[in-house]
Every structure is written in structure tokens, then in C-alpha cells.
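If you read the protein sequences in the order shown, they are chains H and Y. The numbering used here puts the first residue of the first sequence at 1, with every later residue one more than the last. The numbering used here puts the first residue of the second sequence at 1001, with every later residue one more than the last. Ideal placement from N, C-alpha and C gives every residue a C-beta, glycine not left out. Since we're looking at a predicted model, the values are computed, not measured.
There are 2 protein chains.
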Amino acid sequence: MLSKQVTKIVQNLEKKKFREKYNLFKIEGTKLVGELLQSHLKIRYIIAFSQWIKSNGPHLSDISILEASPQEMHAISNFQSLPEVIALAEIPVYHYSQEKVSTTLALALNGIQDPGNLGTILRVADWFGIRHILCDRDCANVYNPKCIQASMGAIFRVHPYYLELSQAIQKLKSYDYPIFGTFLDGENIYTTTLSTRGLIIMGNEGKGISPELVPLTNIRLTIPGFATTEKATESLNVGVATGIILSEFKRRIY
Amino acid sequence: MLSKQVTKIVQNLEKKKFREKYNLFKIEGTKLVGELLQSHLKIRYIIAFSQWIKSNGPHLSDISILEASPQEMHAISNFQSLPEVIALAEIPVYHYSQEKVSTTLALALNGIQDPGNLGTILRVADWFGIRHILCDRDCANVYNPKCIQASMGAIFRVHPYYLELSQAIQKLKSYDYPIFGTFLDGENIYTTTLSTRGLIIMGNEGKGISPELVPLTNIRLTIPGFATTEKATESLNVGVATGIILSEFKRRIY
Chain H
1 MLSKQVTKIV QNLEKKKFRE KYNLFKIEGT KLVGELLQSH LKIRYIIAFS QWIKSNGPHL
61 SDISILEASP QEMHAISNFQ SLPEVIALAE IPVYHYSQEK VSTTLALALN GIQDPGNLGT
121 ILRVADWFGI RHILCDRDCA NVYNPKCIQA SMGAIFRVHP YYLELSQAIQ KLKSYDYPIF
181 GTFLDGENIY TTTLSTRGLI IMGNEGKGIS PELVPLTNIR LTIPGFATTE KATESLNVGV
241 ATGIILSEFK RRIY
Chain Y
1001 MLSKQVTKIV QNLEKKKFRE KYNLFKIEGT KLVGELLQSH LKIRYIIAFS QWIKSNGPHL
1061 SDISILEASP QEMHAISNFQ SLPEVIALAE IPVYHYSQEK VSTTLALALN GIQDPGNLGT
1121 ILRVADWFGI RHILCDRDCA NVYNPKCIQA SMGAIFRVHP YYLELSQAIQ KLKSYDYPIF
1181 GTFLDGENIY TTTLSTRGLI IMGNEGKGIS PELVPLTNIR LTIPGFATTE KATESLNVGV
1241 ATGIILSEFK RRIY
């Protein structure tokens, strides 16, 4: 049985304020919790149906396991059909090192608002082997349950850092680190020389890259449209754009 | 003022059954309605705040315009912050012609469940100049309000057809039309010969391409992952995958 206190804590984890207070975030569902168990993250609590506990509990030491009834699960789940298990994990701390980042291809997220888009971006970053994700404080929070869900487990592998982007970029530039920005009127990405290291800035869904970051970019990229009629979609979804751009950087090795 | 009957009809348009009954679908917000007004679609009703009507009403003939109060708008809107305008447009009819499709690069959507993913796919299709979208009956409905919203107006330009995919593909094959399928274990898309015409099948979010369609594909494609660790994201979001694949087909002209 779940105490009222535990129920309240889990419900509060929807909000960033409480995630930071408790230093915990919530992971729902058999598949994602399975990936969590294989990650380096520290799990504090598992709340599950008795069946899940019977199959998985014996392998789990050091974790408090609480059994929940369907009604109790309903009170703490965001899912339409109830998950068998919910885990609460500690928010990991990744040490930001500009030296380390400057040897890799990394992403900078500038005011990505929608947690679903953010999760999709983490998922595609993980697919293309991007580890370091620099986020400014206008970005949605990566431990938002909608982001966790959309990330499909990528959140357990990529390293997000929240920092002052303009400062971080200025420091990275001293390493001769190329800064790529995505614009509607940049150079054709298909014909531009790309590199295996560098920072790719993805801008806000509606407003694009913020004015203070624009002058910090060395290379302005664009994904050209191929519409045959005058009227066409004005832009791509930021998750899709990130996918196309990372694909284009990575494919050049072939 | 909105009558109870109009309010009820608009609310019912959330459901496919009623969209088909009334042959109408709902478009919310100044930006999307603006795109709708520039499209070929027939608008039956506009429901708006007085201010929107003052600025736009005089240019609109043949459309019934109804003024709504904030409270009335709240009852029929899906938005968190109220839209200034909601339009009800007739569901357009596109005549499916296998001859026409067989000269183009087209998409086949096989059981895409999430209306947001579906809308994202339409948006990316529009960006890359793909007009013909073949959907099977397991796909979400393109006139679902969440799909309309995610499509960002692409729904007014692409031509979706709901049909028996396996039959349609079999007929298309008689035009020597290449059928591309996306799989986790296909050929590397970056090194495969692609073509300027052909059908690209995108499968269901969880299950991929359905067993009955698998034998109909000529070319099995995959987007290779670049993860540096063993554990990594198992797949890409279907909207992102569609974006990367269409980008790859279209970039070859450069």
C-alpha cells in the first residue's frame, strides 16, 4: 500500500520545483524502467503491481520496492492504460567540461519549449551518438515526464547540462570549435562542408535562434525545401530538423 | 452567440464518426485559419471573437461567420490559451490515380497510431514536396484535431488517401514502381541507390511494417545508428525517421 505521503511526492514530481527539492524524477512503464535498470542511474524507489515485483523484485537490492493497487497506480500515473511499474530515480549530475565537449559533435538547445520535442531530440541525439547536450535555462526540463517518455530511454544515456549558452559558446570558441546554427536562410546543408566536431545550435520552435546567439555562429545552415507549389510548410518540426541535420553530419563518413 | 446545437457539433468533430457524418473538420487559431483561407478548401463556418471578425470578416463571402464569447470559445477549443478563431472546413475529396502516383515519390503510412506523429509526417512530406500520402485504415485519421495542429497547414496541401495498402501497392508494382520499406535490418540508406520515383512505406510506431506488406517491398532501407555505447536508442521516432529518409532521397540531386 502506498502512503498518502508517497502518493503526494510522486504527484509533485510533475513539477520541476519538486523534482529539484527531492532530487528525483519519475519513470513509467515496464520498457523504460527496464532500460533504467540497465543504466548507471541510481534508483531510489520502485512502485509496482505485485506481479512485476514477483518477477523482478528478487534481482533488486538497495531499492525500496512498494506494492501498489490499480487505484493507487492510477493516482500517480500519466498513462492512459496503467503501467505495471513506476520508478523514482535520482537526477544524475554530469560534470560539464568544455575540453571534453570541444573534441566532439555536440548539440546546444536554445529555448526548446515543448517537452515532447525535447525528448525526441534526446532520442535522435542518442541514435547518432551525440552525448553532450547543452541547454539554456529557457529550455523545457529534461526530467519532465513527457520528455522522459518521448526520449524512449535516451535520457539515461545522454548528458544534458543547463548553463548560460552564450557564455559556454564563447568559451568553446577558444578551442577553435566550429559553431553551427540552423536558419531558414543559411547555406544549403547538403553542399556545405561539415565537420566531425562542433556545436549545432537548435533554436526555439517559433522564434528560432535567439538574437544574442546569432552572432556567435560561424556557419549558418539550412535544410532546403523541395515544395513544388508556392505555398508550403514554412519550417520543420525541431525534432525532425535535428534528425535531418545529425544524419547529414554523420553520413559524410560513408 | 453560439447556439447549443453549433457548440455540440463542433465538440463532436473531435470524433471521426461525426467528422464523417457532417463532412467537416475543425481548424483552430489565427495562423492555421490564415493558411486555410489561402488554400483551395471550402470553409463552411467561421467562429471568432468580434475583433477577428472586424479585421477579416469583410473579405469573406460565402462563409457563415459566428461571433463567440470567450466562454463559448472555451467550450469548443482544444487550446490552452483560447484561439481567436476556429474554422470548420469541408473534408476535401482527392481522386486517387495510380497512374499519377506512379510518376512521383510518394509515402505509404502503415498503421501510424499517434495523430501528432501523423501530422509531423504530413508536415515533413509537404516540406520535401511529397504530395501523395497513401494511408491504410489502421492509421490515425488525418482530420483529427491533433494531426491538423501538428501538420502546421500541410494538411491543406498534401493529398491523403485511405485505402487497402496491400492492394494499392500490388497495382503500383505493375508500373515498375519501386517499393521502399524501412526496417531495422535493411540496407544502409546512405550507400543505397535511391530513385526519384517510388513508394516509401513507413511502419507503425511499435511494430514497424506489417507482415503482409513486408514481401511487397523491393528495397529494404535502414538508417544506421552511430551510438558509441552498446546500449542505445532502439529506434527513431517515425516522424524523425520520415524526415531523414525524405531528406536522403531528395538530397541526391545536389
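Integer Cβ distance of residue i from residue j, believed to fall under 8 Å
| i | j | result |
| --- | --- | --- |
| Y/Gly1111 | Y/Cys1147 | That belief does not hold up - the Cβ atoms of Y/Gly1111 and Y/Cys1147 are roughly 15 Å apart, past 8 Å. |
| Y/Tyr1096 | Y/Leu1163 | 7 Å |
| Y/Thr1120 | Y/Ala1150 | 5 Å |
| H/Val6 | H/Leu82 | Actually they do not touch by this definition, with Cβ atoms about 17 Å apart. |
| Y/Lys1004 | Y/Asn1141 | Not a contact, Cβ separation roughly 26 Å. |
| Y/Ile1047 | Y/Leu1002 | 7 Å |
| Y/Ile1201 | Y/Ile1189 | In fact, because the Cβ distance is near 14 Å, the residues do not count as touching under 8 Å. |
| Y/Ile972 | Y/Pro1178 | Chain Y is shown only over 1001 to 1254; residue 972 of chain Y falls outside these bounds and no answer can be derived. |
Min CB distance residue i to chain Y below 8 Å
| i | result |
| --- | --- |
| H/Lys207 | no |
| H/Val240 | yes |
| H/Tyr175 | no |
| H/Ile244 | yes |
| H/Val124 | yes |
| H/Gly27 | What sits at residue 27 of chain H in the sequence shown is Ile, not Gly. No - not a single Cβ of chain Y is within 8 Å of the one on H/Ile27. |
| H/Leu109 | no |
| H/Thr191 | yes |
| H/Ser97 | no |
| H/Leu199 | no |
| H/Ser247 | yes |
| H/Leu32 | no |
| H/Arg137 | no |
| H/Asn144 | no |
| H/Ala182 | It should be pointed out that residue 182 of chain H corresponds to Thr in this sequence rather than to Ala. Not one chain Y Cβ lies under 8 Å of H/Thr182. |
Beta-carbon proximity of residue i to residue j, cut-off 8 Å
| i | j | result |
| --- | --- | --- |
| H/Thr217 | H/Gly181 | yes |
| Y/Leu1184 | Y/Phe1249 | no |
| Y/Ala1087 | Y/Leu1107 | no |
| Y/Pro1115 | Y/Ile1133 | no |
| Y/Glu1028 | Y/Ser1077 | yes |
| H/Arg123 | H/Ala154 | yes |
| H/Asn117 | H/Val10 | no |
| H/Ile223 | Y/Ser1102 | no |
| Y/Leu1221 | Y/Glu1187 | yes |
| Y/Gly1203 | H/Phe226 | no |
| H/Gln113 | H/Glu205 | yes |
| Y/Tyr1143 | Y/Arg1044 | no |
| H/Pro145 | H/Lys26 | yes |
When the options are compared against residue i, the one with the closest alpha-carbon
| i | options | result |
| --- | --- | --- |
| Y/Trp1127 | H/Leu236, H/Ala87, H/Gln11 | H/Leu236 |
| H/Leu32 | H/Thr192, H/Glu84, H/Lys173, H/Phe226 | H/Glu84 |
| H/Thr104 | H/Gly198, H/Glu72, H/Gly34 | H/Gly198 |
| H/Arg157 | H/Ile91, H/Tyr254, H/Ala68 | H/Ile91 |
| Y/Asp1062 | Y/Leu1041, Y/Val1214, Y/Phe1049, Y/Ala1068 | Y/Leu1041 |
| Y/Ser1098 | Y/Leu1172, Y/Ala1227, Y/Ile1179, Y/Thr1191 | Residue identity check: residue 1098 of chain Y is Gln in the sequence provided, not Ser. Looking at the Cα atoms, Y/Leu1172 is the closest of the given residues. |
| Y/His1059 | Y/Gln1071, Y/Pro1070, Y/Leu1037 | Y/Leu1037 |
| Y/Thr1191 | H/Arg44, H/Arg251, H/Lys26 | H/Arg251 |
| Y/Val1094 | Y/Phe1079, Y/Pro1070, Y/Cys1135 | As written in the sequence, residue 1094 of chain Y is Tyr, which differs from the Val given in the question. Cα-wise, what sits closest to Y/Tyr1094 is Y/Cys1135. |
| Y/Thr1233 | H/Pro211, H/Tyr143, H/Met152 | H/Met152 |
| H/Leu254 | H/Thr196, H/Glu72, H/Ser174, H/Lys100 | The sequence given here has Tyr at residue 254 of chain H, not Leu. Considering only alpha carbons, the answer is H/Thr196. |
| Y/Arg1137 | Y/Pro1145, Y/Leu1109, Y/Ser1055 | Y/Leu1109 |
| H/Pro70 | H/Asn56, H/Trp52, H/Ser64 | H/Trp52 |
| H/Ile170 | H/Met73, H/Ala241, H/Pro215, H/Asn23 | Inspection of the sequence shows that residue 170 of chain H is occupied by Gln rather than by Ile. Ranking the options by Cα distance to H/Gln170, first place goes to H/Pro215. |
| Y/Gly1072 | Y/Ser1064, Y/Phe1049, Y/Ser1174 | It is worth fixing the name first, because residue 1072 of chain Y is Glu in this sequence and not Gly. For Y/Glu1072, the nearest C-alpha among the options comes from Y/Phe1049. |
| Y/Thr1030 | Y/Ser1055, Y/Asn1023, Y/Lys1008 | Y/Ser1055 |
| Y/Thr1228 | H/Leu24, H/Ser64, H/Arg131, H/Thr228 | H/Arg131 |
Residue-level contact to chain H via CB, residue i, 8 Å cutoff
| i | result |
| --- | --- |
| Y/Trp1127 | yes |
| Y/Ile1155 | no |
| Y/Gly1225 | yes |
| Y/Thr1233 | yes |
| Y/Leu1037 | no |
| Y/Tyr1254 | yes |
| Y/Met1202 | no |
| Y/Ser1250 | The residue asked about is misnamed: residue 1250 of chain Y is Lys in this sequence, not Ser. Yes, its Cβ sits closer than 8 Å to a Cβ of chain H. |
| Y/Thr1228 | yes |
| Y/Asn1237 | yes |
Check: residue i C-beta below 7 Å from any heavy atom of the ligand SAH
| i | result |
| --- | --- |
| H/Gly203 | In terms of ligand content, the structure shown is empty, and the ligand SAH therefore cannot be addressed. |
Cutoff 8 Å: residue i Cβ touching any chain C Cβ
| i | result |
| --- | --- |
| Y/Met1152 | Here the protein chains are H and Y, and chain C is not one of them. |
For the segment 1039-1120 of chain Y, list the alpha helix (DSSP H) runs that are entirely contained and at least 4 residues long, ordered along the chain.
1050-1056, 1070-1076, 1098-1101
Completely contained beta strand (DSSP E) runs for the segment 1159-1232 of chain Y, where each covers 3 or more residues
You should have 1159-1162, 1179-1188, 1198-1202, 1219-1222.
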